[in-house]
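Working notes, structure below.
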Amino acid sequence: MIKDLGWKVGGAQGEGIDSTQDIFALSLFRLGYYVSTYRHFMSLIKGGHTNGKVRITSDISGHHGDDLHILLAFDQETINHNFHELIDGAVLIYDTAIKDAQVPENDNVHICPVPLTEMAKEAGSPIMKNMVSMGVTAAIIGLTPDDFRSVVVDKFGGKGDEIVESNIAAIQKGYDFAKENFKASLELPARPEVKSERLYISGNDAVSLGAIAGGCRLLAQYPITPATEVMYQIIKQFPKFGGTVVQAEDEIAAVMMAIGANYTGVRSMTATSGPGFSLMMEALGLAGISETPLVIIDVQRAGPSTGLPTKTEQSDVYTMMYGSHGEIPRIVLTPRNVEECFFFTLEAFNLAEKYQCPVIVATDLYMGMNKQTVESIDFDKFNINRGKMISDEQLAELEKGAFKRFDVTAEDGISFRSIPGQKNGRFVAMGNESDEVGVEMEEPELRVKQMEKRAKKLAKFNDLAGATYVGAENAELLLVDFGSMTGPQREVYEALAAEGVSVGHLSIARLLPFPTEEIKGYIHNAKKVLVTEMNSHGQLKNQLKQFVGGDHNKYESCLKYSGDPFLVNEIYAKAKDLADSLKKEVTL
Amino acid sequence: MATLVDFRAEKPNWCPGCGDFTVLAALQKAAVNIGLEPENMVTVSGIGCSGKISQYMGSFGFHSLHGRSLPVATAVKLANRDLTVVAAGGDGDGYGIGMGHFIHAMRRNIDITYLVMDNHIYGLTTGQTSPTSDKGSKTKTAPDGAVEEPVHPLQMALMAGCGFVAQGYSGNLKQLTELIEKGIQHRGFSLINIYSPCVTFNKVNTYDFYKSNLVNIDEDASYDKTDRFAAIRKLEEHEENVTGVLYHNPNKQAYDEVLRGYPEQAIAKNDLKITRDEWEKLAVQFK
Ligand SMILES: Cc1ncc(C[n+]2csc(CCOP(=O)(O)OP(=O)(O)O)c2C)c(N)n1
Ligand code: SF4
Numbered sequence: 016m017i018k019d020l021g022w023k024v025g026g027a028q029g030e031g032i033d034s035t036q037d038i039f040a041l042s043l044f045r046l047g048y049y050v051s052t053y054r055h056f057m058s059l060i061k062g063g064h065t066n067g068k069v070r071i072t073s074d075i076s077g078h079h080g081d082d083l084h085i086l087l088a089f090d091q092e093t094i095n096h097n098f099h100e101l102i103d104g105a106v107l108i109y110d111t112a113i114k115d116a117q118v119p120e121n122d123n124v125h126i127c128p129v130p131l132t133e134m135a136k137e138a139g140s141p142i143m144k145n146m147v148s149m150g151v152t153a154a155i156i157g158l159t160p161d162d163f164r165s166v167v168v169d170k171f172g173g174k175g176d177e178i179v180e181s182n183i184a185a186i187q188k189g190y191d192f193a194k195e196n197f198k199a200s201l202e203l204p205a206r207p208e209v210k211s212e213r214l215y216i217s218g219n220d221a222v223s224l225g226a227i228a229g230g231c232r233l234l235a236q237y238p239i240t241p242a243t244e245v246m247y248q249i250i251k252q253f254p255k256f257g258g259t260v261v262q263a264e265d266e267i268a269a270v271m272m273a274i275g276a277n278y279t280g281v282r283s284m285t286a287t288s289g290p291g292f293s294l295m296m297e298a299l300g301l302a303g304i305s306e307t308p309l310v311i312i313d314v315q316r317a318g319p320s321t322g323l324p325t326k327t328e329q330s331d332v333y334t335m336m337y338g339s340h341g342e343i344p345r346i347v348l349t350p351r352n353v354e355e356c357f358f359f360t361l362e363a364f365n366l367a368e369k370y371q372c373p374v375i376v377a378t379d380l381y382m383g384m385n386k387q388t389v390e391s392i393d394f395d396k397f398n399i400n401r402g403k404m405i406s407d408e409q410l411a412e413l414e415k416g417a418f419k420r421f422d423v424t425a426e427d428g429i430s431f432r433s434i435p436g437q438k439n440g441r442f443v444a445m446g447n448e449s450d451e452v453g454v455e456m457e458e459p460e461l462r463v464k465q466m467e468k469r470a471k472k473l474a475k476f477n478d479l480a481g482a483t484y485v486g487a488e489n490a491e492l493l494l495v496d497f498g499s500m501t502g503p504q505r506e507v508y509e510a511l512a513a514e515g516v517s518v519g520h521l522s523i524a525r526l527l528p529f530p531t532e533e534i535k536g537y538i539h540n541a542k543k544v545l546v547t548e549m550n551s552h553g554q555l556k557n558q559l560k561q562f563v564g565g566d567h568n569k570y571e572s573c574l575k576y577s578g579d580p581f582l583v584n585e586i587y588a589k590a591k592d593l594a595d596s597l598k599k600e601v602t603l
Numbered sequence: 079m080a081t082l083v084d085f086r087a088e089k090p091n092w093c094p095g096c097g098d099f100t101v102l103a104a105l106q107k108a109a110v111n112i113g114l115e116p117e118n119m120v121t122v123s124g125i126g127c128s129g130k131i132s133q134y135m136g137s138f139g140f141h142s143l144h145g146r147s148l149p150v151a152t153a154v155k156l157a158n159r160d161l162t163v164v165a166a167g168g169d170g171d172g173y174g175i176g177m178g179h180f181i182h183a184m185r186r187n188i189d190i191t192y193l194v195m196d197n198h199i200y201g202l203t204t205g206q207t208s209p210t211s212d213k214g215s216k217t218k219t220a221p222d223g224a225v226e227e228p229v230h231p232l233q234m235a236l237m238a239g240c241g242f243v244a245q246g247y248s249g250n251l252k253q254l255t256e257l258i259e260k261g262i263q264h265r266g267f268s269l270i271n272i273y274s275p276c277v278t279f280n281k282v283n284t285y286d287f288y289k290s291n292l293v294n295i296d297e298d299a300s301y302d303k304t305d306r307f308a309a310i311r312k313l314e315e316h317e318e319n320v321t322g323v324l325y326h327n328p329n330k331q332a333y334d335e336v337l338r339g340y341p342e343q344a345i346a347k348n349d350l351k352i353t354r355d356e357w358e359k360l361a362v363q364f365k
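The listed protein sequences correspond, in order, to chains A and B. Per the numbering used here, residue 16 is the first one in the first sequence, and the count goes up by one each step. Per the numbering used here, residue 79 is the first one in the second sequence, and the count goes up by one each step.
Here is the structure:
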């Protein structure tokens, strides 16, 4: 497994834990390290425990790591909740302002009490205790106060040089204190070179940028954790791109607005999470039957109902694939890392217009709200393809009223689309079944033709790879996952492969059209198929059984639905057991 | 210049005598009188007998979901401010399932015209109580008479800050046409509630009933259309049986004039590509 260093800060919600985490992670990112972060927070505004973890590695990673090397505690609760995660040789740094601090006994952990608040006061303000603790951390992991300077300048430069200098002074104080008082030292992983094309970005921000690069110019959204950040980012950027954001009155309005704008020729989307997505079901069918492009981002969280609003899950698989009454063509993309959050969203707009149907991009809270290093986002790969839009010239050649918006003779099922403003392009987009020109009808033969037309659209879909495979040819043990689970699962795969297990890793990038042809060989060859997902029904596993089939007994699940993300070790343990049982089968 | 023929599409299949015929005719006439071209107009409707109007109107159309015409119409207008956008539907559609959107569309003051064909009943689902059904009126779902108070859409619109509030009647094509013209010309949200009798299911709110009860306020030269409270009093006084422009405030800014980032040029006419330079500026906040 990747050599790493895990650092975590904890305190009361509202105490600046997020920004402390961000300053640390961004500083290490700028030094060239790869960082993956995780924010633990509750559905409260003030009070309650919160913490933020940063994992530092010398290579790209999609997981915040199991191991904890440094715990920085601003309150007693942080110690109570997180101390047990510290591994041998790890360090606990805590603020001596915590009255009668209780630290569990563990001779293998260095305990570093530091007067964080007191030193921060000396430096100018108690809120600078996070800066003092940066200094302490720097001393322990072999960095210097100067390594934090650029981030401090960027964050506080706007408030004047004095503020910047007092923050730097606070870091220095912590650094000097630690050098003087503690012998503890931890090694950072090998430092990679700094590359300017890397980004330190969350899935939500990547989705937002992907939307902008993909030509989205109208966002209609209703606030919901963990999707709200998409709106924050886009609202900040849109004035520069001639786009606008509507905070809709509810999710039904949001999705209907996205449909209305797409109908009018503007690329538009909405972003939401489970409860909001549930409200959009009727509209999903409308987009399908009226053949209106639509992009929906579902940043999944733990359900059912409002469930665990601040916790992660991948339990909207059924809703995304089957939700809404009746039958429509739809595309469901499941980006597996932050870079894919960008490109899949960008591509979603091309697909929605090409196929004139809804496209759902499924992320989750874990990937959506946490920042990671992304290797690069290549501008040369940006492309815009608007599909079959009829031109004014083509329309001019038609007889008045002859434009067949829902022409069933199109071999690929995709007919030309006009938009309001185009002379001679008049049609009515309808939720009711209609004939080729768009007039409501109930004739059985015509109905069947329209159903078949729509079904044809995705029958030959091959625009994006549906899955990625790495591993041994004819691997006996096949690890399968989708979305954010691909990151940790890749580490499990690497560990098992290094042990000589006949193992493969198949990560699914698209739920619909289900990539059956691409994956069935791997599945049919494997003796055991372990599907790791964050839900309790094994929703992805059930799709594999349905679409790929074979011996149902070979499918196994590795599930987690506590709200906390998987640890790599939890998946590894399950996979290792399976690998061992296969070995036994062979020797028997 | 477009003529009436250009605004005709499918032949309506409403029941003979249905009030909605007049609404369609008035909308078509208004469009011609204003000088609209069919391709630059979009009629968005919900579901119901009334909702079928988008198919019969020869403009671009969107026959959406029950109660959801307003968010679609809002987005059409935002996407292309050069279009004339009319939303239309029934009282069940607009004041029942769509009530939330109704209030919010007025709050936003989006520049669209909303025609509600108010027949005090659910027509398409064959005669159930609607939000505007009179208290005590007997319907299939209220065999002993409705026990709820009806909603008061015009008063609600006045309280919600709607800048153009009017009421028409299917028995008066001329006035209704004028109201729709004025509504379309009003820059901002305009509500026109239209008493449009359902001859099949509503035996109370009939043409005869309206003939003997309606007061035409447009004929009252002393009425001050800019006084919101006068409008409320007028409605109270006549149990809402008033036609004409009840309130008009042309000075409110429309949504697209105040919305953050809204460009001068219609969004639909924007280029979608971003430049390398723009991309680099976006990316730099993550470095
Ligand atoms: C979500 C949903 N619920 C219920 C219906 C059934 N429905 C169709 S039209 C209608 C009522 C129509 O009444 P109104 O809006 O007053 O229009 P009218 O037919 O009277 O013109 C109902 C309940 C539906 N289409 N969609
Ligand atoms: S049922 Fe009533 S509202 Fe519907 S078409 Fe017939 S008369 Fe008109």
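C-beta: ideal position from N, C-alpha, C; glycine also. Being a predicted model, the structure only gives us computed values, none of them experimental.
If you measure from the beta carbon of residue i to each beta carbon in chain A, is any gap under 7 Å?
i: residue 364 of chain B; result: yes
i: residue 139 of chain B; result: yes
i: residue 332 of chain B; result: no
i: residue 253 of chain B; result: no
i: residue 128 of chain B; result: no
i: residue 360 of chain B; result: yes
i: residue 352 of chain B; result: yes
May I have the straight-line CA-CA distance separating residue i from residue j, to the nearest angstrom?
i: residue 562 of chain A; j: residue 449 of chain A; result: 31 Å
i: residue 271 of chain B; j: residue 244 of chain B; result: 6 Å
i: residue 106 of chain A; j: residue 193 of chain A; result: 12 Å
i: residue 149 of chain B; j: residue 296 of chain A; result: 16 Å
i: residue 507 of chain A; j: residue 500 of chain A; result: 11 Å
i: residue 265 of chain A; j: residue 236 of chain A; result: 8 Å
i: residue 360 of chain A; j: residue 66 of chain A; result: 30 Å
i: residue 430 of chain A; j: residue 371 of chain A; result: 9 Å
i: residue 258 of chain B; j: residue 375 of chain A; result: 39 Å
i: residue 200 of chain A; j: residue 152 of chain A; result: 9 Å
Regarding residue i and ligand 2, is the C-beta to nearest heavy atom distance less than 6 Å?
i: residue 278 of chain B; result: yes
i: residue 249 of chain B; result: no
i: residue 372 of chain A; result: no
i: residue 127 of chain B; result: yes
i: residue 573 of chain A; result: no
i: residue 96 of chain B; result: yes
Is residue i close to ligand 4? I mean its beta-carbon at under 6 Å from any heavy atom of the ligand.
i: residue 92 of chain B; result: In the structure on display, ligand 4 does not appear, and the ligands it does have are ligand 1 and ligand 2.
Could you tell me whether the Cβ of residue i comes closer than 7 Å to any Cβ of chain B?
i: residue 232 of chain A; result: yes
i: residue 16 of chain A; result: For residue 16 of chain A, the predicted structure reports a pLDDT of 43, less than 50, and the residue's modelled location is therefore unreliable. A value from the coordinates is still provided. With 7 Å as the cut-off, residue 16 of chain A does not count as an interface residue toward chain B.
i: residue 39 of chain A; result: no
i: residue 358 of chain A; result: no
i: residue 390 of chain A; result: no
i: residue 476 of chain A; result: no
Any heavy atom of ligand 1 closer than 6 Å to the CB of residue i?
i: residue 198 of chain B; result: no
i: residue 144 of chain B; result: yes
i: residue 202 of chain B; result: yes
i: residue 339 of chain A; result: no
i: residue 169 of chain B; result: yes
i: residue 123 of chain B; result: no
i: residue 517 of chain A; result: no
One question on the structure: do residue i and residue j come within less than 7 Å of each other, judged by their Cβ atoms?
i: residue 307 of chain B; j: residue 184 of chain B; result: no
i: residue 521 of chain A; j: residue 493 of chain A; result: yes
i: residue 141 of chain B; j: residue 132 of chain B; result: yes
| query | Mind pulling the beta strand (DSSP E) runs of 3 or more residues that sit fully within the segment 67-122 of chain A? | reply | Whole beta strand (DSSP E) segments, 3+ residues: 83-88, 101-110.
| Uninterrupted beta strand (DSSP E) stretches inside the segment 203-291 of chain B (no shorter than 3 residues) | For the segment 203-291 of chain B, the continuous beta strand (DSSP E) assignments of 3+ residues that do not extend past its boundaries occur at 242-247, 268-273, in sequence order.
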